[in-house]
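Novice: If you read the protein sequences in the order shown, they are chains B and C.
For the first sequence, my numbering assigns the number 651 to the last residue and increments by one with no breaks.
For the second sequence, my numbering assigns the number 1253 to the last residue and increments by one with no breaks.
Ideal Cβ placement from N, Cα and C applies to all residues, glycine included.
Provided herewith is a single structure, encoded as structure tokens, for subsequent inquiry.
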Amino acid sequence: MPGASIFYDLEPLLEQVSKPIQYVGGELNSTVKDWQCGGYDADGRELTVRWALMYPDAYEVGVPNQGVMILYEVLNERADALAERTYSVWPDMEAAMRAAELSQFTVDAHRPVGDFDVFGLSFSTELGYTNMLTALDLAGIPLHAADRGEDDPIVLAGGHAAFNPEPVADFIDAAVVGDGEEAVLAITDHIAAWKRQGRPGGRRELLLRLARTGGVYVPAFYDVDYLPDGRIQRVAPAADTVGVPWRVSKHTVMDLDAWPYPKQPLVPLAESVHERMSVEIFRGCTRGCRFCQAGMITRPVRERSITGIGEMVKKGLEATGFEEVGLLSLSSADHSEIADIAKGLADRYEGTQTGLSLPSTRVDAFNIDLANELTRGGRRSGLTFAPEGGSERIRKVINKMVSEDDLIKTVAAAYGAGWRQVKLYFMCGLPTETDEDVLQIADLAKRVIDVGREVSSRRDIRCTVSIGGFVPKPHTPFQWCAQLDPEQTDARLAKLREAIRSDKRYGAAIGIRYHDGEPGLVEGLLSRGDRRVGRVIEAVWRDGGRFDGWSEHFSYERWMRCAEAAFDDTGVDVAWYTTRERTEHEVLPWDHLDSGLDKDWLWADWQDALDETEVDDCRWTPCFDCGVCPQMNTDIQVGPTGKKLLPLTVV
Amino acid sequence: MPPRQRVPEGPAPDPAVQKLRIQYAKRGRLRFSSTRDFQRALERALRRAAVPMAFSAGFHPHPRISYANAAPTGTASEAEYFEIQLREHRDPAALHRDLDEALPEGLDVVVVREAAAGALADLLEASDWVLDFADVDVATLGAATDRLLASDRIEVTRMMKRGPRTFDVREAVLHAQAGPADGPPYSARLGLRLRHLTPAVRPDDVLSALADVADLRPTRPPLVTRSRQGPLREDGTVADPLASATDEVAVTD
């Protein structure tokens, strides 16, 4: 019977596998609804719309994900819909499930994923693509959308990676770009109406209806033509479709206070990567960092009000019992009332053993004041700053406007206030970068320690330099640039390491953490790939590729070997997708997905980057015509409201 | 002037004024929670239930909770125990209700009592276990149990953190009795009373022993539930570790 629990059959497996708690569900604030909660119509047709939501990574990474938590809650609040969650199973569980012939299941009611109407996947990163194939295969859903039947779920991709869904175009039925909360409800309405009408036209008609809204991308309805040299000639609605738009728009929720989700955050029993509750204080960012896909695709800025934030923190803590609250956003200190928020929350929760944290802050002294406020009576261990580029020149290229003197002043204030460790985050492989730009990271770190020792009069202060390889992303000014190949990335990082290690005056005071360049190249292939990359993903998965975001599972050799075979007769290769610089008028695989950003503006900003010209934040300065506001008929939504957080009354 | 090393501001944490012992059950799917999973869930539930926990001092204050002899991951239990210290007095009945409400379903508070003297861990001398088999009949299980009891010594090997370790199972088995299960999907039930030894002999060690001496190899692992743990009475039964001397009379097996 569809929707029946397979838990009894899973139990013997749970006795054998590692960390079985991740497969049992039952988290505080999780929901299990009746499979027929939407009831039946007069003709006995069932009307419930059912979503299986997947974060395609291990449970410990997926369960704290805000996006999935929000969609899970808004869908379950609807009387005629239900949503359950599923995560990637570890290889030991996958082997046990295959041996026992058990399906990919939801953790909430242990229902087979294939029984749901929609199988929605949230892709924060492209490295989850192989995990999607495992889940589809375990669920008994054909890997290719073209092979699916009437009773298979609609496989729907969302999340930041969905802004270029072309590499997974063969495997998904549809993609939604932008904010999900209103979009999933609109899709639910369409499915409910289609069911009520007796499913006219079957699966294809449903997908057509969704595509015609202009907000759901159905890859099968678009044809891609290629030029002889391998570039894309044109992406256009297929001849046999009517009313399918040339471009698909992103979804934007304008009033965050109207969407105070998650109201009831999930509290897993298992340990997860974020052992805290998160409250999103604003969405979008207009700092204009040119490497940052999140900042570009989530425009415009929309703030949650100070009172809305206070309410969410209060209710969330009551609902969860978490010991820590993170105030989430892409640049938290940029909220127009952040000082009052920090002070108000610190006052409210003083003496309650409740930690407050502010991730993603910029490099200036104001942030030290905020961090001090949030740790009033508590421990001050480490502060993280992200200058991103080692030299002032490269910081102009990426539009990360912080001078070296600002940075030194900031860390001096941090060490002076009792912080003992400063972590600095950088990228390697940025456009126009030379060895010299990266080597300046060493000089910067040494200055940081010198200043820290001076202001703190202590020798045990530390500075950790953390470096990630830059991966160019779609819908950013760097979407045209050449990615640095792994050999050069590794060589540059080796020089930096030598420059830091060779200076014995600093010894253990400076730590350096970096990843080698190989996974970044695969991420680059998947980020800026087109439909031809799908066969590589499938080949890698068939060869055993799983959990590509995990170094112990990732195999560069396998990706390169499978890519070479899969690209054999195409005239393109991995280098063509990654280390090749694109020209202005090349049709990019994601051009028909509208992030609101004007392609001409992105190009102009790319040229400004090459000229080392910076652009201000449009929240405080006039508009730069990136295109989002007029295109989406939206506007930046910022305070201040002038309100304050009042003390909580003791009940 | 250079800043000195920071120490926590304000007065020392409030002292503990009340010590409570709590019996809880681990049921259904939450039998797959580990000891650490339970600890995380409990600390959050205590905050949700606004229990006035006493905390340790320092920059990393911890609620004062002590755990005793938790059942292994995968086994259900009706008799798990921990002890908490409060900085304000609370009515045990009210705390029972609030904490049970705050814990996820399947982690259920059974009894809350004022702590008696002595260490809780010292009271936990033996456990009663129930093993429900889905694919073994009562006669087969009974025969296997007889062979187990007829042996003087049965060595099994289990993988421990520091490598494989071989130890005797038989000494820990105070009592073993096969009988019918309550109903489908289970067909037969094994009742076990195990003395807590070092290393601890667990029900899965007894299953290894049954495979050894009687070739009992169920295709589906049995559902294992701890039904009781506590001090060993002189008559060889397990008593309630939270019962006071006067309660003791009321406890029956």
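DSSP three-state call for serine 18/B: helix, strand or coil?
Specialist: The residue labelled residue 18/B in the question sits at position 18 within the first sequence. In this structure, serine 18/B counts as coil in the three-state DSSP scheme.
Novice: Could I get the ranges of all uninterrupted beta strand (DSSP E) runs contained in the region 144 to 212 of chain B, with 3 residues as the minimum, in chain order?
Specialist: 154 to 158
Novice: Flag glutamate 1171/C as yes if its beta-carbon sits less than 8 Å from any beta-carbon of chain B, otherwise no.
Specialist: Position 171 of the second sequence, counted from the first residue, corresponds to residue 1171/C. Not an interface residue.
Novice: Any Cβ of chain B within less than 8 Å of the Cβ of proline 1052/C?
Specialist: Here residue 1052/C refers to the residue found at position 52 of the second sequence. Answer no: the Cβ-Cβ gap between proline 1052/C and chain B never drops below 8 Å.
Novice: Note down, in chain order, all residues in the region 1091 to 1106 of chain C with a beta-carbon under 9 Å from any beta-carbon belonging to chain B.
Specialist: Ala1102, Leu1103, Pro1104, Glu1105, Gly1106
Novice: Please check if any C-beta of chain C sits within less than 8 Å of the C-beta of glycine 128/B.
Specialist: Counted from its first residue, the first sequence places residue 128/B at position 128. Answer no: the Cβ-Cβ gap between glycine 128/B and chain C never drops below 8 Å.
Novice: For the putative contact between proline 474/B and asparagine 164/B, defined by C-beta atoms under 8 Å, what is the C-beta separation to the nearest angstrom?
Specialist: One-based indexing of the first sequence puts residue 474/B at position 474. One-based indexing of the first sequence puts residue 164/B at position 164. The pair is a contact, with the Cβ atoms about 4 Å apart (cut-off 8 Å).
Novice: Can you pull the chain C residues whose beta carbon is under 7 Å from the beta carbon of glycine 26/B, in chain order?
Specialist: Looking up residue 26/B in the first sequence gives position 26. Going along chain C in sequence order, the residues near glycine 26/B (Cβ under 7 Å) are Arg1029, Leu1030, Pro1104, Glu1105, Gly1106.
Novice: Classify aspartate 240/B as buried or exposed, calling it buried when 16 or more other Cβ atoms lie within 10 Å of its own Cβ.
Specialist: Locating residue 240/B in the first sequence gives position 240, counting from the first residue. By the 10 Å Cβ count, aspartate 240/B comes out exposed.
Novice: Please go through the same chain and pick out, in chain order, the residues whose beta-carbon is closer than 6 Å to the beta-carbon of alanine 386/B, but skip the five residues on each side of it.
Specialist: Indexing the first sequence from 1 puts residue 386/B at position 386. Contacts found: Tyr425.
Novice: I'd like to know if valine 650/B contacts chain C, where contact means its C-beta is closer than 8 Å to some C-beta of that chain.
Specialist: Translated into the one-based positions of the first sequence, residue 650/B becomes position 650. Here valine 650/B scores only 49 on pLDDT, less than 50, and its place in the model should not be relied on; the value that follows carries that caveat. Not closer than 8 Å to any Cβ of chain C, the Cβ of valine 650/B fails to qualify, so no.
Novice: Against chain C, does glutamate 271/B count as a neighbour if the rule is that its beta carbon must be under 8 Å from one of theirs?
Specialist: Your numbering for residue 271/B matches position 271 in the first sequence. Nearest CB-CB separation between glutamate 271/B and chain C: below the 8 Å threshold.
Novice: Of all Cβ atoms in chain C, is any one closer than 8 Å to the Cβ of tyrosine 8/B?
Specialist: What you label residue 8/B is simply residue 8 of the first sequence in a count that begins at 1. Yes, its Cβ sits closer than 8 Å to a Cβ of chain C.
Novice: Would cysteine 285/B be called buried (16 or more neighbouring beta carbons within 10 Å of its own) or exposed?
Specialist: Taking the first sequence and counting its residues from 1, one reaches residue 285/B at position 285. It is buried - the Cβ of cysteine 285/B has at least 16 other Cβ atoms within 10 Å.
Novice: According to a CB-to-CB cut-off of less than 8 Å, which residues of the region 1056 to 1075 of chain C neighbour chain B?
Specialist: Phe1059, His1060, Pro1061, Thr1073, Gly1074
Novice: So, for aspartate 635/B: in the same chain, excluding its five sequence neighbours on each side, which residues have a beta-carbon less than 7 Å away from its beta-carbon?
Specialist: Locating residue 635/B in the first sequence gives position 635, counting from the first residue. Cβ within range, chain order: Pro300, Cys629.
Novice: Where DSSP assigns a beta bridge to phenylalanine 385/B, which residues make up the other side?
Specialist: Against the first sequence, residue 385/B aligns to sequence position 385. Phenylalanine 385/B is bridged to Leu424/B.
Novice: Consider the Cβ of serine 1034/C: report whether some Cβ of chain B lies at a distance smaller than 8 Å.
Specialist: For the purposes of this step, residue 1034/C is identified with residue 34 of the second sequence, where counting begins at 1. Yes, contact with chain B.
Novice: The alpha helix (DSSP H) spanning threonine 961/C covers which residue range?
Specialist: Outside the shown range of chain C (1001 to 1253) lies residue 961/C, about which nothing can therefore be said.
Novice: Suppose the cutoff is 6 Å on Cβ atoms and the five residues either side in sequence are ignored; what does the same chain contact list for cysteine 37/B look like?
Specialist: What you label residue 37/B is simply residue 37 of the first sequence in a count that begins at 1. Closer than 6 Å at Cβ, skipping near neighbours: Thr48, Leu82.
Novice: Could you pull the start and end residues of the alpha helix (DSSP H) that glutamate 552/B belongs to?
Specialist: By 1-based counting over the first sequence, the position of residue 552/B is 552. Taken as a continuous stretch (DSSP letters only), glutamate 552/B belongs to no alpha helix (DSSP H), as it is neither H nor E.
Novice: Taking the alpha-carbon positions, what's the proline 1061/C to methionine 1053/C distance?
Specialist: Against the second sequence, residue 1061/C aligns to sequence position 61. Against the second sequence, residue 1053/C aligns to sequence position 53. About 11 Å.
Novice: Verify the CB distance criterion: does leucine 13/B have a CB-CB separation below 8 Å to chain C?
Specialist: Numbered from its first residue, the first sequence carries residue 13/B at position 13. Taking Cβ atoms only, chain C never reaches closer than 8 Å to leucine 13/B, which makes this a no.
Novice: Taking only beta carbons into account, state which residues of the region 312 to 334 of chain B come closer than 9 Å to chain C, listed in chain order.
Specialist: Leu317, Glu318, Ala319, Thr320, Gly321, Phe322, Glu323
Novice: Per DSSP, what kind of secondary structure is alanine 96/B in: helix, strand or coil?
Specialist: Counted from its first residue, the first sequence places residue 96/B at position 96. The answer is helix: DSSP assigns alanine 96/B an H, G or I state.
Novice: Does the region 83 to 94 of chain B come close enough to the region 197 to 205 of chain B that 3 or more CB-CB pairs lie under 8 Å?
Specialist: no
Novice: Contact between the region 1137 to 1148 of chain C and the region 1197 to 1215 of chain C is defined here as three or more beta-carbon pairs at a separation below 8 Å; is this criterion met?
Specialist: yes
Novice: So the candidates are Lys409/B, Gly178/B, Ala193/B; which of them puts its Cα closest to the Cα of threonine 252/B?
Specialist: Start at 1 with the first residue of the first sequence, and residue 252/B comes out as number 252. Looking at the Cα atoms, Gly178/B is the closest of the given residues.
Novice: In the DSSP assignment, the beta strand (DSSP E) including proline 1180/C goes from what residue to what residue?
Specialist: Position 180 of the second sequence holds residue 1180/C. Element bounds for proline 1180/C: 1173 to 1180.
Novice: My parser needs the beta strand (DSSP E) runs of 3 or more residues fully inside the region 286 to 342 of chain B; what are they?
Specialist: 324 to 328
Novice: Could you give the residue range of the alpha helix (DSSP H) that holds alanine 412/B?
Specialist: Here residue 412/B corresponds to residue number 412 of the first sequence, with the count starting at 1. Unbroken alpha helix (DSSP H) run through alanine 412/B: 404 to 416.
Novice: What are the boundary residues of the alpha helix (DSSP H) that includes phenylalanine 470/B?
Specialist: By one-based count along the first sequence, residue 470/B stands at place 470. No alpha helix (DSSP H) holds phenylalanine 470/B; DSSP gives it neither H nor E.
Novice: Note down, in chain order, every chain B residue with its Cβ under 9 Å from the Cβ of proline 1221/C.
Specialist: Along the second sequence, read from residue 1 onward, the residue named residue 1221/C stands at position 221. Within chain B, the residues near proline 1221/C are Glu11, Pro12, Glu15, Gln16.
Novice: Could you tell me if the beta carbon of proline 12/B falls within a distance shorter than 7 Å of some heavy atom in the ligand COA?
Specialist: The model on display carries no ligand, and the ligand COA is accordingly not part of it.
Novice: Using only the alpha-carbon positions, how far apart do threonine 410/B and leucine 185/B sit?
Specialist: Start at 1 with the first residue of the first sequence, and residue 410/B comes out as number 410. Start at 1 with the first residue of the first sequence, and residue 185/B comes out as number 185. The straight-line gap from Cα to Cα measures roughly 45 Å.
Novice: In chain order, which continuous runs of the alpha helix (DSSP H) of length 4 or greater are located wholly inside the region 535 to 623 of chain B?
Specialist: 556 to 566, 574 to 578, 599 to 610
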